[in-house]
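Colleague:
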Amino acid sequence: MATFIAIRNRKQTAGAMQGVLKYVAQDYKTKWGNLKFVTGHNCVPQCAFTEMMTTKKRFRKTDGRQFYHFVQSFPEEDDLTPQEVNAIGLEFAAREFPDFEVVVATHLDTGHLHNHLVVNSVNCVDGKKLHQNATDLQAHRNVNDEICLKHGLSVLEKAKRHEKKKRMKPGEYQAGLRGESWKLDLIHVINEALEYADDRESFIYNVEQEGYQVVWSDTRKHITFITPEGRRCRDSSLHDETFLKENLEMLFMFRQVFEFYPGSEEPEEGWLGEVAYNAVEFGRYLEQALDTPELPPIPTWSESKQRSREALKKLAHGQRFGGEDYDYDYSFSM
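Just so we're aligned: the sequence shown equals residues 389 to 722 in the numbering used here.
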């Protein structure tokens, strides 16, 4: 079945919206032969940004949140064509955002087909602003399930939604055997949140959208996750070192440096050590660049005046100046 996830975009400006629209419509992600799978609901995708901004200006709502960004992913076993995936995305947009401008871009460059939906925050009919919360996200997922069933796609039961698409590690499996299914649910939520997060704030936002709480403090060694039922769990108890605080910080550093976008491929094995090495080397470079030799002390006015007096006393006693004496300035008055 298709999964439906909300993406947190930190920047909510017209420029950020234009950037996201350009990103989701890139040819190498959306073209298959001579066909490009980017369509629009209530807008023409090629000029969607202009149309969305025109709507905002018409209703004088150019400030605040500019857009919403969602990802609708389909597993390989559904065996869908790009045309079918894009059509499902358009159907979803018409169902959930009937009077909003929506761009639906189908990405073909990963192991599974997925749609990016970029929704204008202003209704193009009545000018009302779109507001979304965790309840709305769950409602979208319910509609997503209905559409999948309509097209003959499988829909997992709620209890099975948290089975990770990739194979679980032995530690996670053992945790399940010990009756810690709630921990498996948490691991799934964290994995899903990481797929669409480029920094700590985005990650926390994605986890909280699932009803969980995240306690992440710069002064504490561990991250604490709190389930909707109130269970508390540290990052070190999740059977995977990837979720440790220091490793997540390094992951987000990597994604910031290499301009991570949702749905992009994971870094190759060994990236963590490479980032750490590069960070250390960069720090050494800065230290060397800042390690300039100390300048000699600049003589104060009183020091120069005293030296001039001593030199003139020598002259008054008939002594000749040595080489160093010529370095002094004798223009000071007695």
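Beta carbons: idealized from backbone N, C-alpha and C, even for Gly.
Specify, as a first and last residue, the run of the beta strand (DSSP E) that residue 492 falls within.
Modeller: For this step, residue 492 is matched to residue 104 along the sequence shown. Unbroken beta strand (DSSP E) run through residue 492: 490-495.
Colleague: Hey, how far is the Cα of residue 491 from the Cα of residue 411?
Modeller: The sequence position of residue 491 within the sequence shown is 103, counting from 1. The sequence position of residue 411 within the sequence shown is 23, counting from 1. Going from the Cα of residue 491 to the Cα of residue 411 covers about 12 Å.
Colleague: Would you mind stating whether residue 613 and residue 600 have Cβ atoms separated by less than 8 Å?
Modeller: Along the sequence shown, read from residue 1 onward, the residue named residue 613 stands at position 225. Along the sequence shown, read from residue 1 onward, the residue named residue 600 stands at position 212. Taking 8 Å as the Cβ cut-off, residue 613 and residue 600 qualify as a contacting pair.
Colleague: Does the Cβ of residue 536 have 16 or more other Cβ atoms within 10 Å, making it buried, or fewer, making it exposed?
Modeller: One-based indexing of the sequence shown puts residue 536 at position 148. Answer is buried; the Cβ neighbour count reaches 16.
Colleague: Any contact of the region 434-443 with the region 516-534, i.e. 3+ C-beta pairs under 8 Å?
Modeller: No contact exists between the region 434-443 and the region 516-534.
Colleague: Using DSSP with H/G/I as helix, E/B as strand and the rest coil, what is residue 603?
Modeller: In the sequence shown, counting from the first residue as 1, residue 603 sits at position 215. DSSP places residue 603 in strand when its eight states are reduced to three.
Colleague: Please report the distance separating the alpha-carbon of residue 499 from that of residue 466.
Modeller: As a first step, residue 499 must be located in the sequence shown, where it is residue number 111. As a first step, residue 466 must be located in the sequence shown, where it is residue number 78. Roughly 12 Å between the two C-alpha positions.
Colleague: Which same chain residues, not among the five before or five after residue 400, have their C-beta less than 8 Å away from its C-beta?
Modeller: Along the sequence shown, one-based indexing puts residue 400 at 12. Answer for residue 400: 452, 453, 454 and 455, listed in chain order.
Colleague: Run the CB neighbour count on residue 603, radius 10 Å, all protein chains shown included, and call it buried at 16 or more, exposed below.
Modeller: Counting from 1 along the sequence shown, the entry for residue 603 is found at position 215. Classification of residue 603: exposed, given that the 10 Å Cβ count is below 16.
Colleague: With burial defined as no fewer than 16 other Cβ atoms inside 10 Å of the residue's Cβ, what is the status of residue 396: buried or exposed?
Modeller: Locating residue 396 in the sequence shown gives position 8, counting from the first residue. So residue 396 counts as buried.
Colleague: Can you check whether the CB of residue 501 is closer than 8 Å to the CB of residue 473?
Modeller: For this step, residue 473 is matched to residue 85 along the sequence shown. For this step, residue 501 is matched to residue 113 along the sequence shown. The answer is yes: Cβ separation under 8 Å.
Colleague: Please list, in chain order, all residues of the same chain as residue 547 whose beta carbon is under 8 Å from its beta carbon, the five residues on each side excluded.
Modeller: Locating residue 547 in the sequence shown gives position 159, where the first residue counts as 1. Summary for residue 547: the model assigns pLDDT 36, below 50, so the residue's position carries little reliability; its value from the coordinates is reported in the next sentence. Once the five neighbours on either side are set aside, residue 547 has no close Cβ partner at all.
Colleague: Residue range of the beta strand (DSSP E) that residue 428 falls in?
Modeller: Position 40 of the sequence shown holds residue 428. Element bounds for residue 428: 426-429.
Colleague: Within the region 446-524, note down every full beta strand (DSSP E) run reaching 3 residues or more, in order along the chain.
Modeller: Here the runs fully enclosed are 455-461, 490-495 and 502-508.
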